[in-house]
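For what it's worth, our numbering labels the leading residue of the sequence shown as 1, then goes sequentially. Below is one structure, written out as C-alpha cells; comments come after it.
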Amino acid sequence: MGGDVNPDQAMLSHVDEDGNLCMVDVGDKQSTDRRALARTEVLLSERTMRLLQKQALPKGDVLSVAKVAGIMAAKRTHELIPLCHPLMLSYVDVRFDLEPERNAVVIFAEARTSGRTGLEMEALMAAQVAALTIYDMCKAVQKDIVIAECRLLRKSGGKSGLYEAPEFQASGMDSD
C-alpha cells in the first residue's frame with residue numbers, strides 16, 4: 001500500500017498514517033472484561049434435518065463435533081486472521097437451536113476474556129467453523145446446504161462499550 005492516504009482509511013485501526021497495514025498496539029490499553037456473541041445458521045433439507053435430529057448421519061454426532069470444532073477455532077483465530085491478536089480466552093461456548101420448521105440449525109458462539117482487545121473475531125470464527133463442520137458432516141447426504149447470516153449479535157467491554165444488534169435486542173436473550 002502506501003502513497004496518498006484515502007481520508008476514509010484514516011479511521012481504520014489497522015492502517016497507519018501512511019496507509020500501510022499494521023497491527024494495532026494494545027500495550028497501553030486498559031484490561032477490561034469483554035464478551036462477544038455471534039450467530040450463524042445452516043439451512044438443510046427436510047431429510048437432512050431429520051437425520052441430524054436422529055443422529056443418523058454417516059459421520060456420527062454432528063453437533064458434538066461441530067461444538068468442539070467451534071471452540072477449537074476460537075482458540076486459533078489469531079493464526080488465521082492477519083493482524084488479529086492472540087487472546088487468553090477465559091470461556092468459549094457454542095450452542096445450537098434446531099428449528100425443524102425451517103430446517104435450520106441456528107448456531108450461537110460466545111467468547112469471554114479479560115484483556116486489552118475485543119474478541120468479536122473469536123466468536124465469529126467459532127460460529128463459522130461450527131457451521132462448516134455441520135456442512136462437512138452432512139454433505140454426503142445433501143449437496144446444497146446453505147450457511148447464512150453470520151453476524152455479531154452482541155459485544156461488551158473495551159473503549160467502544162456495548163453493542164447489541166437489533167436481532168439480539170428482540171431475541172430476549174440475557175445480556176450478561
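Ideal placement from N, C-alpha and C gives every residue a C-beta, glycine not left out.
By how many angstroms is the C-alpha of residue j removed from the C-alpha of residue i?
{"i": "F108", "j": "K139", "result": "21 Å"}
{"i": "L87", "j": "L119", "result": "8 Å"}
{"i": "Q169", "j": "A38", "result": "13 Å"}
{"i": "Q30", "j": "I71", "result": "26 Å"}
{"i": "G3", "j": "V15", "result": "In this prediction, G3 has a pLDDT of 41, which is less than 50 and means its spatial position is unreliable; what the coordinates show is noted afterwards. Those two C-alpha atoms are separated by around 12 Å."}
{"i": "K143", "j": "C84", "result": "33 Å"}
{"i": "T48", "j": "P166", "result": "31 Å"}
{"i": "R116", "j": "A56", "result": "44 Å"}
{"i": "Q9", "j": "S160", "result": "For Q9, the pLDDT reaches just 45, beneath the cut-off of 50, and the residue's location in the model is therefore unreliable, although a value from the coordinates is still provided. Rounded to the nearest angstrom, the two C-alpha atoms are 19 Å apart."}
{"i": "A148", "j": "D28", "result": "38 Å"}
{"i": "A131", "j": "A36", "result": "18 Å"}
{"i": "Q54", "j": "T113", "result": "Per the sequence shown, the amino acid found at residue 54 is Lys instead of Gln. The straight-line gap from Cα to Cα measures roughly 35 Å."}
{"i": "D93", "j": "T40", "result": "14 Å"}
{"i": "Q128", "j": "R151", "result": "10 Å"}
{"i": "V42", "j": "A104", "result": "6 Å"}
{"i": "K75", "j": "T32", "result": "19 Å"}
{"i": "E99", "j": "G19", "result": "46 Å"}
{"i": "Y135", "j": "A73", "result": "16 Å"}
{"i": "Y91", "j": "T133", "result": "21 Å"}
{"i": "R34", "j": "E46", "result": "38 Å"}
{"i": "L44", "j": "E164", "result": "28 Å"}
{"i": "V141", "j": "A126", "result": "24 Å"}
{"i": "L51", "j": "L124", "result": "27 Å"}
Taking the continuous beta strand (DSSP E) assigned at residue i, which residues delimit it?
{"i": "S114", "result": "A104 to G115"}
{"i": "E178", "result": "Residue 178 cannot be examined here, being either before or after the span of the chain that is shown, 1 to 176."}
Using a 10 Å radius around the Cβ and a threshold of 16 neighbouring Cβ atoms, would you call residue i buried or exposed?
{"i": "M121", "result": "buried"}
{"i": "L21", "result": "exposed"}
{"i": "V68", "result": "exposed"}
{"i": "E110", "result": "buried"}
{"i": "L162", "result": "exposed"}
{"i": "M179", "result": "Shown here, the chain extends from 1 to 176; a query on residue 179 therefore has no answer."}
{"i": "V62", "result": "buried"}
{"i": "M1", "result": "Low confidence applies here, because M1 scores a pLDDT of 37, under 50, leaving its location unreliable and the question unanswered by this model."}
{"i": "R102", "result": "exposed"}
> Fully enclosed by the stretch 117-163, which alpha helix (DSSP H) runs are 4 residues long or longer?
Replying inline: With a minimum length of 4 residues, the continuous alpha helix (DSSP H) runs that stay inside the stretch 117-163 are 120-138.
> Which ranges does the alpha helix (DSSP H) cover as unbroken runs of at least 4 residues, wholly within the stretch 15-83, from first to last along the chain?
Replying inline: Entirely contained in the stretch 15-83, the alpha helix (DSSP H) runs reaching 4 residues are, in chain order, 46-53, 62-75 and 77-80.
>> Check whether the stretch 150-167 and the stretch 67-79 touch, using three or more Cβ-Cβ pairs below 8 Å as the test.
In response: Contact between the stretch 150-167 and the stretch 67-79 is absent, with fewer than three C-beta pairs closer than 8 Å.
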